[in-house]
Amino acid sequence: MTTPNNFLGLEEEYSAAARASVLVLPLPFEATVSYGGGAAAGPAATIAASQQVELYDREHDCEPALAYGVHTLPAPKLPDEPAVAVETIRAAVASAARTGKLVVGLGGEHTVSVGVGRGLLDALGGPLTVVQLDAHSDLRDEYEGTPYSHACIARRLLDAPEIEQVLQLGIRSVCPEEVAFVRAHPDRARVWYAEAVHDGSWRDEFIARVRGKRVFLTIDVDGLDPSVVPATGTPEPDGLTWSEALDILRTLTAHATVVGMDCVELAPAPGLHMADFAVAKLVYKAISYVMMGKTQEQNTANTDWAD
Ligand SMILES: [Mn+2]
Numbered sequence: 135m136t137t138p139n140n141f142l143g144l145e146e147e148y149s150a151a152a153r154a155s156v157l158v159l160p161l162p163f164e165a166t167v168s169y170g171g172g173a174a175a176g177p178a179a180t181i182a183a184s185q186q187v188e189l190y191d192r193e194h195d196c197e198p199a200l201a202y203g204v205h206t207l208p209a210p211k212l213p214d215e216p217a218v219a220v221e222t223i224r225a226a227v228a229s230a231a232r233t234g235k236l237v238v239g240l241g242g243e244h245t246v247s248v249g250v251g252r253g254l255l256d257a258l259g260g261p262l263t264v265v266q267l268d269a270h271s272d273l274r275d276e277y278e279g280t281p282y283s284h285a286c287i288a289r290r291l292l293d294a295p296e297i298e299q300v301l302q303l304g305i306r307s308v309c310p311e312e313v314a315f316v317r318a319h320p321d322r323a324r325v326w327y328a329e330a331v332h333d334g335s336w337r338d339e340f341i342a343r344v345r346g347k348r349v350f351l352t353i354d355v356d357g358l359d360p361s362v363v364p365a366t367g368t369p370e371p372d373g374l375t376w377s378e379a380l381d382i383l384r385t386l387t388a389h390a391t392v393v394g395m396d397c398v399e400l401a402p403a404p405g406l407h408m409a410d411f412a413v414a415k416l417v418y419k420a421i422s423y424v425m426m427g428k429t430q431e432q433n434t435a436n437t438d439w440a441d
């Protein structure tokens with residue numbers, strides 16, 4: 135018997151479109167990458183690695199994917215021109231989100247998140263809060279000649295007034311323009327640098343800012359430490375640990391409603407399949423926190439099972 139080639143390798147009963155509550159959308163876009171390449175292969179590598187992830191999750195004491203079901207959509211055909219690709223992604227995400235299912239984009243470079251965010255707004259309306267795990271603020275107005283660079287995605291999302299705020303965690307690398315933007319717009323952009331996650335000082339204000347909000351969660355895998363995800367285009371030292379990343383996701387989903395998400399910037403490399411596996415498991419964990427919310431809230435007092 136061969137493993138079905140979909141996210142988590144689920145049998146038809148749990149992966150058919152009609153049955154599933156979650157739609158995984160591969161977005162293999164790579165055009166503005168400025169350092170290490172390979173992000174176009176990210177979705178396929180994530181899906182392949184996901185088939186090795188154990189479905190049983192100790193935190194939920196069940197196989198969550200069998201409870202909610204995950205359907206993997208075909209990747210849309212994406213042109214190289216970033217502004218056009220963003221519009222293609224926007225339409226694909228809007229169409230998927232209008233089903234009422236949870237849409238999970240798999241990148242691809244971070245530019246895809248502009249299309250994901252705009253597509254969620256088209257389908258579900260605003261206001262939305264963006265929660266971004268990342269090493270980089272991505273708040274430049276343009277980079278290397280394009281406003282649709284992977285280095286500008288948070289700024290592009292903020293172009294929409296329906297995006298109330300972007301909350302960033304794990305940041306280690308910013309430029310003067312980005313620091314000035316955050317200082318000028320404290321209501322719309324908030325950065326918790328990696329050290330604020332390490333020392334726990336992010337938590338109270340983060341909870342206050344997400345409480346009751348509808349959230350688009352965007353995970354750039356370079357937000358994690360390179361010891362967890364070494365295969366990414368622009369790695370930075372001192373990133374989030376696995377436990378810190380899960381703590382953020384658990385805290386977010388306990389206080390806010392995630393209406394869509396993506397995970398981007400895995401650039402698979404020979405000999406580094408640990409990165410593919412970590413990303414696949416992280417996506418599964420993130421989906422489960424969103425979909426199993428009630429179970430998770432009941433268990434927040436017990437941290438013995440925390441990975
Ligand atoms: Mn980044």
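Using my numbering, the first residue of the sequence shown is number 135, and each one after it goes up by one. Glycine included, every Cβ here is placed at the ideal spot set by N, Cα and C.
Opposite residue i in the DSSP bridges: which residues?
i: residue 307; result: 270
i: residue 302; result: 266, 325
i: residue 191; result: 196
i: residue 395; result: 238, 351
i: residue 297; result: 262
i: residue 156; result: 204, 236
i: residue 280; result: 277
i: residue 374; result: 358
i: residue 161; result: 241
i: residue 400; result: 366
How would you call residue i, buried or exposed, if buried means at least 16 neighbouring beta carbons within 10 angstroms?
i: residue 171; result: exposed
i: residue 384; result: buried
i: residue 438; result: Reliability of the predicted coordinates at residue 438 is poor, the pLDDT of 44 falling under 50, and the value obtained from them is presented with this limitation in mind. It is exposed - the Cβ of residue 438 has fewer than 16 other Cβ atoms within 10 Å.
i: residue 312; result: buried
i: residue 361; result: exposed
i: residue 418; result: buried
i: residue 435; result: Only weak support exists for where residue 435 lies, its pLDDT of 41 falling under 50; the coordinates are left without a value.
i: residue 232; result: exposed
i: residue 149; result: buried
i: residue 168; result: exposed
i: residue 430; result: Annotation note: pLDDT 44 at residue 430 (below 50); position unreliable, no value reported.
i: residue 440; result: Because the pLDDT of residue 440 is 43, which lies under 50, any placement of that residue in the model is unreliable, and the number read from its coordinates should be weighed accordingly. The residue is exposed, with fewer than 16 neighbouring Cβ atoms inside 10 Å.
i: residue 218; result: exposed
i: residue 188; result: exposed
i: residue 394; result: buried
i: residue 271; result: buried
i: residue 268; result: buried
i: residue 310; result: exposed
i: residue 211; result: exposed
i: residue 146; result: exposed
i: residue 259; result: exposed
i: residue 139; result: exposed
i: residue 190; result: exposed
i: residue 151; result: exposed
i: residue 222; result: buried
i: residue 180; result: buried
i: residue 184; result: buried
i: residue 249; result: buried
i: residue 369; result: buried
i: residue 127; result: The structure shown does not extend to residue 127, since the chain is modelled only from 135 to 441, so the question has no answer here.
i: residue 128; result: The structure shown does not extend to residue 128, since the chain is modelled only from 135 to 441, so the question has no answer here.
Residue i and residue j look like a contact to me (Cβ under 8 angstroms); what is the Cβ gap, rounded to whole Å?
i: residue 264; j: residue 352; result: 6 angstroms
i: residue 331; j: residue 358; result: Not a contact, Cβ separation roughly 11 angstroms.
i: residue 343; j: residue 292; result: Not a contact, Cβ separation roughly 15 angstroms.
i: residue 275; j: residue 252; result: About 17 angstroms; that fails the 8 angstroms criterion.
i: residue 173; j: residue 399; result: 6 angstroms
i: residue 308; j: residue 349; result: Going by Cβ atoms, the distance from residue 308 to residue 349 rounds to 22 angstroms, so no, they are not a contact pair.
i: residue 425; j: residue 160; result: Residue 425 to residue 160, Cβ: 20 angstroms. No contact.
i: residue 396; j: residue 240; result: 7 angstroms
i: residue 202; j: residue 156; result: 6 angstroms
i: residue 296; j: residue 236; result: Actually they do not touch by this definition, with Cβ atoms about 19 angstroms apart.
i: residue 261; j: residue 215; result: Not a contact, Cβ separation roughly 29 angstroms.
i: residue 416; j: residue 379; result: 7 angstroms
Under 8 angstroms: do the stretch 195 to 214 and the stretch 374 to 386 share three or more Cβ pairs, one atom per stretch? Segments in contact, no.
Would you call the stretch 346 to 366 and the stretch 393 to 412 touching, i.e. three or more CB-CB distances under 8 angstroms? The stretch 346 to 366, when compared against the stretch 393 to 412, does touch it at the 8 angstroms Cβ threshold.
When you compare the stretch 221 to 230 with the stretch 300 to 316, are there three or more beta-carbon pairs, one atom per stretch, that lie closer than 8 angstroms? Judged by Cβ distances under 8 angstroms, the stretch 221 to 230 makes no contact with the stretch 300 to 316, as fewer than three pairs qualify.
Counting pairs of beta carbons, one from the stretch 277 to 291 and one from the stretch 244 to 259, are three or more of them closer than 8 angstroms? Result yes; three or more Cβ-Cβ pairs closer than 8 angstroms.
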